[in-house]
Amino acid sequence: MSAIAIRAMKMEDFDEVETFLAEHFFKHEPLMLIPQEDAAQSEVVQPEAELHRSLIPQNLSLVAVAEGRIVGVALAGELVPEDLEREFQEVEAKEVKCLLDKIHKFLAGIERQANIFAHFGVERALYLYMLGVDSSVRRQRLGSRLVAATIELGRQRGFPVVTSTCTNMHSRRLMTGLHMECVLTKDYAEYKDEHGEILLPALEPHTSAAVVGIRL
86 MSAIAIRAMK MEDFDEVETF LAEHFFKHEP LMLIPQEDAA QSEVVQPEAE
136 LHRSLIPQNL SLVAVAEGRI VGVALAGELV PEDLEREFQE VEAKEVKCLL
186 DKIHKFLAGI ERQANIFAHF GVERALYLYM LGVDSSVRRQ RLGSRLVAAT
236 IELGRQRGFP VVTSTCTNMH SRRLMTGLHM ECVLTKDYAE YKDEHGEILL
286 PALEPHTSAA VVGIRL
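Have a look at this one:
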């Protein structure tokens, strides 16, 4: 593989980014691999793609490119305090129909509880929504390069904090290795339905999520 360049994500990248995420993120994310009674519940729903599209015009997302194709993605966007409460209320009011709904509900809860704005004493942050690396170029620290580039972009754009929610042990180790602080950790086993059944029975070592952040 030739040298890998990191650049800003463009709107014309959208279709390739979505294809990339389907193959190299969602098929490898431990939470998305939790077996469901109906396999259709594990599918990626359309609103997820709409969120990705809405982030691109902010010019805060990055792609890694080698030999003319995307081999890494960092989807990011601005986050303000009102977003935490709005997103929490939206997922609380929504009927849970699929695996992504369960994941979104859990993450909205932990992000609201962590409240990085109060923790860092800031009113805006750059939020890294999703990090994906092509399986053919893993173990080359490309994920670390993308996160470091996101942090630097946040600094250049005047953000006081960069934050993310790590859903597996790999991403947590990567981000804390770049000196991001672990603000709050919560076990998936704590997320249960009205019958006491665990809704996200994740397997070791990916048994918790962590909200992380770094002051710029």
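Residue numbers 86 to 301, in our numbering, belong to the letters of the sequence shown in order.
We treat Cβ as the ideally placed atom computed from N, Cα and C, and that holds for glycine.
TODO: Report the rounded CA-to-CA distance for R300 versus L116, giving the unit in angstroms.
DONE: CA-to-CA, the gap between R300 and L116 works out to about 28 Å.
TODO: Report the rounded CA-to-CA distance for L185 versus A88, giving the unit in angstroms.
DONE: Distance between the alpha carbons of L185 and A88: 35 Å.
- [ ] Report, in whole angstroms, the separation of the C-beta atoms of S146 and A161, which I expect to be a contact under 8 Å.
- [x] Confirmed, about 5 Å.
- [ ] Compute the distance between the beta-carbons of Y276 and L269, then report whether it is under 8 Å.
- [x] Between Y276 and L269, the gap from beta carbon to beta carbon reaches 8 Å or more.
Task: Burial state of L136 (16 or more Cβ within 10 Å) - done: By the beta-carbon neighbour count (other beta carbons within 10 angstroms, threshold 16), L136 is exposed.
Open item on the list: Going by DSSP in three states, M265 sits in which element: helix, strand or coil?
Closed with: Looking at M265 - three-state DSSP - the assignment turns out to be coil, as it is neither helix nor strand.
- [ ] Determine, using beta-carbon pairs with one atom in the region 172 to 191 and one in the region 205 to 225, whether at least three such pairs fall under 8 Å.
- [x] With the cut-off at 8 Å, the region 172 to 191 and the region 205 to 225 do not touch.
- [ ] Spatial neighbours of S229 within its chain, please: CB distance less than 8 Å, with the 5 preceding and 5 following residues excluded, ordered by chain position.
- [x] The beta carbon of S229 sits closer than 8 Å to those of L259, G262, L263, all from its chain and outside the five residues before and after it, given in chain order.
Task: Status (buried if at least 16 other CB within 10 Å, exposed otherwise) for H280 - done: Burial call: exposed.
Task: Contact belief for A210 with V247 at Cβ below 8 Å, rounded distance in angstroms - done: Their Cβ separation, rounded to whole angstroms, is 7 Å, which keeps A210 and V247 in contact under 8 Å.
Open item on the list: Taking 8 Å as the threshold (C-beta atoms), are T235 and E196 in contact?
Closed with: No, the Cβ-Cβ distance between E196 and T235 is not below 8 Å.
Task: Separation of H189 from F173, as counted between CA atoms - done: Answer to the nearest angstrom: the Cα atoms are 9 Å apart.
- [ ] Leaving out five residues on either side along the sequence, give the residues of the same chain with a beta carbon under 8 Å from the beta carbon of C267.
- [x] Excluding residues within five positions, the ones whose Cβ falls inside 8 Å are R257, T261, A295, V296, V297.
TODO: Under 7 Å Cβ to Cβ from P290, same chain only, skipping five residues before and after it: list those, please.
DONE: Result list for P290: M254, in chain order.
Open item on the list: Contact defined as beta carbons within less than 8 Å: I believe V148 pairs with V222. What is the distance between those atoms, to the nearest angstrom?
Closed with: The pair is not a contact, with the Cβ atoms about 13 Å apart (cut-off 8 Å).
TODO: Enumerate, from N- to C-terminal direction, the unbroken beta strand (DSSP E) stretches of 3 or more residues contained entirely within the region 172 to 219.
DONE: The qualifying runs are 210 to 218.
Task: Buried versus exposed, by CB contacts within 10 Å (16 or more), L288 - done: L288 comes out exposed.
Task: Boundaries of the alpha helix (DSSP H) in which S249 is found, first to last residue - done: Looking at the DSSP string, S249 is not in any alpha helix (DSSP H); the run it does join, the beta strand (DSSP E), is 246 to 251.
Open item on the list: Helix, strand or coil for L301? Go by DSSP, reduced to three states.
Closed with: In the displayed model, L301 falls within coil according to three-state DSSP, outside both helix and strand.
Task: Sequence ranges, beta strand (DSSP E) only - wholly within the region 126 to 169, length at least 3 - done: Whole beta strand (DSSP E) segments, 3+ residues: 147 to 151, 154 to 164.
Open item on the list: Restricting to Cα atoms, I'd like to know which of D100, H109, G153, D272 is closest to L192.
Closed with: Ranking D100, H109, G153, D272 by CA distance to the CA of L192 puts D272 first.
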